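Chains as they are written, first to last, in my numbering: chain A, 556 to 1330; chain B, 556 to 1330. The beta carbon of each residue, even a glycine, is placed where N, CA and C say it ideally should be. Bear in mind that the values here come from a model prediction, so they are computed numbers and not experimental data. Reading through the structure tokens given below for one structure.
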């Protein structure tokens, strides 16, 4: 019911279209058509009400805790996208009457969602009902809708009810005190409200404009108010063939906004009113034009052009870039990206390792200024990470598995859903023992530094993270008397189907890397930046701490390949039962294993949720030979169910590295299908942010083969059979590199004149402006 | 779309039927088909979801305050009435496909709501879908549903999702902490939760039974959980012509329940589980039969039989009795009746003067044990009434205009909706200055005493209320130096279109009565019950306080009739502008005046919301001559818009008293139409409890003409032209009196042998067993 290939002309491979509306499958387009600008995001629920719809609007970073025994989450704010349409006193509904024509489209190029409907009501009147909406890239506080209605064969009484509805909640959890409601000048609807625990003030504005055949007119209106609701009702007797256009301009401002930090509520209300009133007067079309200009200039630099037999590839990469843009609060370093972006209640808006390992590489390579903001967020959360370390009896920065407010520290829920059979609450262990996140953050900083050479960032923020994460690990290592080695026991690795394991390969290897790196930068700073060193030494007690790291690191046990070159995922994995997974490998929906087994049974089987050792092969690839990579891929992939959306992209890239292009391409297709596939339920809880970041990585780091390898840019394209050519820009140490990758030739063109080194086939090539490589 | 006259045979004049379903008009049958048993009540929302539906379940007395700046309200608890039905993977919906036959019925005799539907889905399969439900009168914690589905022309895949949904809220205000969810024995669903402020524990249970052609079978099932939700999904491939029956048994228990007062949460959970499991095993039919037996024995004593040309009268009085039963928490003296009963969020479950002046007479005359519970509630709220008096600088018991928890005192919201134009919050003055409620409560106690002669009640509770309300008024009177009289200034009378008025006739007259009465009972007690007197004298400082009352009472100004015999409603009413009200008197919806005028303009016009002086004529009728009653009715009725549902019944009774039977009957018809009329929106916020109590009063106190007059039962039938005969029971001083009233004869038959006096035409008649009166 979704057509991924309808665009024509300038919009070819830019649009996704829903061709049939289904009340049970609304979640799909609500999520994949999600609009946003990083400041706010909203699911594309329809104007009219249906059962089974999820109306969500989120403002990044406005976390609130509903209850003492719940964790903080991103509140679902008042809804202004609803526009109730009544025709001859019946609510307009696609479930009634006859739908003669229907399409709903997301245009990735312009960030507009539109619907085009021809509909016959139950009495035989035929209506053309079109709507469109966008969230402004030009003014982050602004979003706009427009609805047109005309009746081709009769007159009709039209009633529209539209305003601001603060009765929204997060599945029942109400995050707002009831606020104040006003209407100014008989036109501008205002609602203010405040979060219950974090005490963030919200100011919502909405106002309308009404047109007949594009001429602005006044329509009979009256005001209404209800609990947490304020709205205007418009009544119109519509003549046959006349088009009624109803525009709705809306804004949200909050006291969390960086420009309002030292402002009073009254000042915020006054400024936001001015801002809104100015925009409203301009009207939908002018505001949309500004938004489009912003999108077009974005795409000019950021588009990735793919020449391919399968058009879905071109669309998929644009879809990924679109969503990475709309979900990322790059305007404000005090907040991170939620695992579901701003497209659903899933994961409560919290940030995970998804950011650093899956989404950050996109930003680091293509918009380093945004990558920096995301890493500054991790710097701002250091206090929380240190609090977490201290609470757990460790030193340094122990990053939270789930991160929200800057100072919160760990916000992973402690207790999950009770086992509905035994009634016992399930403890969620990730917040306690899924500890590789600390290395992942450190890795993200290091990768950013290597790619951008942003010394300013490193001196202000980066070094401190690299050093303090190393210090954490030093305090975390556990001496094993028998083995005379340091172990890391009782953890969860990336494969979350194994809890309370010892010496998880990914965790131990990346911890080793993290400590090694801390020692390196300690030495480096001490030698080359004495001023920076002095401050950090004082703050982190480096001389003493790094000494400990040095002593411990050489004694850390890191799992080595066995005779078959397989690295044991942990101390016991290779000893567990090996069961026939055919049924689950062919599953239509993730998690089918749990129809037959409980988690404690799964804990005792050689079955993995997602890439773990294979992820390690990718992340620290310079440490493993091609043979080891292949052996591990071949061992673990058949035992991996890809039940996490973070799994396929890693496997696709490593498969490409192994030269298994056909397998790589298959995994890539599956990765695309997580959000863009025929499964209409997979995106219900929101877009899969890490999967989308992974799609970019498959295409650029995998297929195009551009990769940071041991600190240098390496190029080794692995274009699958279908793809003839890819063109795109990346940024490398402050310069833009235009890249054109074909089957047997790569053309790189720099924007600057600095000498650049590139690795190809193990050799370093230097160039200053252009480089042509043939394979 | 509502048929009030469909019942046949034993259900003639017992059923109300909705003959067409409309998504916009769901509120009507949700409210007027409300089910309940006084312990709990629930709107009759459909099993399946639709937009514009309001799913409400309330448990009496479980008040909670969402927020510091809101007032306490009755929380909308977890919903167990929803049963999601999917046929061939599409949700069953009356908006889709074709409805071949439809009816939804409330049977007042058995308390069952049923639906009978024949429906063709979008692929041409024809289904018979019937459902029924009841709230048990036999076990107050229990409510049950049953759905049957069969396909007459094909096979079909049926999926049913059913459980407990705690995502409900009061228009967005969430009153519950997220609780615990369990499933026992793979069958019994349990959810516990707790109110956020009042900390009341709730225990919800649901379990199902499934049948094919009435044979109990197991159906493929699996469990599901979501935030605040737990449910079971059933899947079945249904053969052509086979009937699938799906029964759902549910219970609610809370720590507020009187039997759980000293129990721990664990004990409550254990007891309620046992209670539920026992019931569930019995199944729908057995439980329903117990419920029916309870209803039938109720109706045997409580039915009012009407022989009339218009069948609606018989139905309307049964409808009133039905709702007065289901809305009234007569099991527990710690709670009152909400203005909307348990049928909607309107008025937050608070009790008003509606109870004593509109609903209590029904209970006092027909079920005195329930009346006593309602008055005990007012006794239990004395602490709050004294707190209110103290806070306002007065003595005695100043009853709250709105009452909820026993000790709360006043719970009327202080600030109402902001004026949406000016943005200024409107102060709600009722909680401060609508003070006649104190006299109204006192009147209710006195009336109960006079009708029941319940000395035990009076000694434990009643005298204290009568005395302390009098003491309040004594402290409230304000000395006017000019007039050398006590005034009562700055009040709102029953006519709420006049705020901040002085010497409201209703307030002053009833306050006079209240003080007079206190003095009387002071003297009476002192003389005849020295023991009781001693305790109360000590507690209330009676000797001193009553002395003050005696002094002040003689100097209280009470508005007297003017030359035209009209009693001025207040000091200024008769001087205000008299405008042409024709347009508003003919209004289709109440409140039309405010389309043209603001409240402050209305304050300056001779226009009334509801009976005020006319109410006084009715309440203290022995104080006014027929001429004065007529003059005031004729003056005020044309100036009264009946914008309150409390207005029509009073006017209808006074019109009957005046002999204006035609006018009386018209007003009666309008009163019936408040809930049973063609206006499909009038009951959206809930049933009109006072209006329904008023209907009973019109028929018994008005038409049948049985009335407490100056302490004696007076009989003066005023049957309207349409009604030939009425038969019913009332209770008088502990005896049941069977009454049969015809045009020119009344037959009374007592259950006991005590001598009874009755007033007819100003004369007292005595009898011991039977009395026949001819007119």
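Buried or exposed by the 16-neighbour rule on C-beta atoms within 10 Å, applied to residue i
i: residue 981(B); result: exposed
i: residue 1033(A); result: exposed
i: residue 1177(A); result: exposed
i: residue 895(B); result: buried
i: residue 1212(B); result: buried
i: residue 1329(B); result: exposed
i: residue 556(A); result: exposed
i: residue 1381(A); result: As displayed, chain A neither begins before 556 nor continues past 1330, which places residue 1381(A) out of reach and without an answer.
i: residue 1324(A); result: exposed
i: residue 700(A); result: buried
Cβ pair residue i, residue j closer than 8 angstroms
i: residue 1049(B); j: residue 1166(B); result: yes
i: residue 1273(B); j: residue 1258(B); result: yes
i: residue 1038(A); j: residue 1074(A); result: no
i: residue 909(A); j: residue 627(A); result: no
i: residue 765(A); j: residue 801(A); result: yes
Simplified DSSP assignment, three categories, for residue i
i: residue 1034(B); result: strand
i: residue 862(B); result: strand
i: residue 1273(B); result: coil
i: residue 1314(A); result: strand
i: residue 1068(A); result: helix
i: residue 1096(B); result: coil
i: residue 1287(B); result: strand
i: residue 835(A); result: helix
i: residue 589(A); result: coil
i: residue 1245(A); result: helix
i: residue 728(B); result: strand
i: residue 718(B); result: strand
i: residue 1048(B); result: coil
i: residue 826(A); result: helix
beta-carbon residue i near the ligand GTP non-hydrogen atom, thresh 7 angstroms
i: residue 812(B); result: With respect to the ligand GTP, the structure shown offers nothing to examine, as it has no ligands at all.
**Report entry** the region 783 to 799 of chain B contacting the region 814 to 833 of chain B, beta-carbon criterion three pairs below 8 angstroms
**Finding:** Segments in contact, no.
**Report entry** Entirely enclosed beta strand (DSSP E) segments - the region 740 to 793 of chain B, minimum 3 residues
**Finding:** Here the runs fully enclosed are 743 to 750, 756 to 767, 775 to 781 and 784 to 793.
**Report entry** Any 3 or more C-beta pairs closer than 8 angstroms across the region 1105 to 1115 of chain A and the region 1058 to 1073 of chain A
**Finding:** Below 8 angstroms, enough C-beta pairs join the region 1105 to 1115 of chain A and the region 1058 to 1073 of chain A to call them touching: three or more.
Query raised in the report: Can you give, in chain order, each stretch of the alpha helix (DSSP H) that sits fully within the region 1103 to 1150 of chain A and has at least 4 residues?
Result: Runs found: 1137 to 1140.
Query raised in the report: Between the region 713 to 720 of chain A and the region 760 to 775 of chain A, are three or more C-beta pairs nearer than 8 angstroms?
Result: The answer is yes - the region 760 to 775 of chain A touches the region 713 to 720 of chain A, with three or more Cβ pairs under 8 angstroms.
Query raised in the report: Below 8 angstroms, can you find three or more Cβ-Cβ pairs linking the region 1016 to 1035 of chain B to the region 1087 to 1106 of chain B?
Result: Flag = yes, the region 1016 to 1035 of chain B and the region 1087 to 1106 of chain B touch.
Query raised in the report: Are the region 877 to 896 of chain A and the region 582 to 599 of chain A touching, with three or more C-beta to C-beta distances below 8 angstroms?
Result: Cβ pair count under 8 angstroms is three or more, so yes.
Query raised in the report: Using 8 angstroms as the Cβ pair cut-off and three pairs as the minimum, do the region 825 to 837 of chain B and the region 1260 to 1271 of chain B touch?
Result: Between the region 825 to 837 of chain B and the region 1260 to 1271 of chain B, the count of Cβ pairs shorter than 8 angstroms is below three; the stretches do not touch.
Query raised in the report: Which ranges does the beta strand (DSSP E) cover as unbroken runs of at least 3 residues, wholly within the region 845 to 912 of chain B, from first to last along the chain?
Result: You should have 860 to 863.
Query raised in the report: Okay, do the region 558 to 565 of chain A and the region 1215 to 1223 of chain A touch, 3+ Cβ pairs below 8 angstroms being the bar?
Result: As far as the Cβ criterion goes, the region 558 to 565 of chain A does not touch the region 1215 to 1223 of chain A, which means the pair count is below three.
Query - Length at least 4, wholly inside the region 1190 to 1216 of chain A: the alpha helix (DSSP H) runs in chain order - result: Counting only runs of 4 or more, we get 1203 to 1212.
Query - At least three beta-carbon pairs within less than 8 angstroms, the region 1157 to 1164 of chain A to the region 1118 to 1132 of chain A - result: Segment contact: the region 1157 to 1164 of chain A against the region 1118 to 1132 of chain A, three or more CB-CB distances shorter than 8 angstroms; contact assigned.
**Report entry** Contact the region 1303 to 1312 of chain B vs the region 1286 to 1294 of chain B: 3+ CB pairs below 8 angstroms
**Finding:** A contact exists between the region 1303 to 1312 of chain B and the region 1286 to 1294 of chain B.
Query raised in the report: Counting pairs of Cβ atoms below 8 angstroms between the region 1188 to 1202 of chain B and the region 1144 to 1158 of chain B, do you hit three or more?
Result: In the pairwise beta carbon analysis, the region 1188 to 1202 of chain B is classified as touching the region 1144 to 1158 of chain B: at least three pairs are separated by under 8 angstroms.
Report task. Would you be able to state if there are at least three C-beta pairs under 8 angstroms between the region 913 to 920 of chain B and the region 995 to 1002 of chain B? Result -> Yes, the region 995 to 1002 of chain B touches the region 913 to 920 of chain B.
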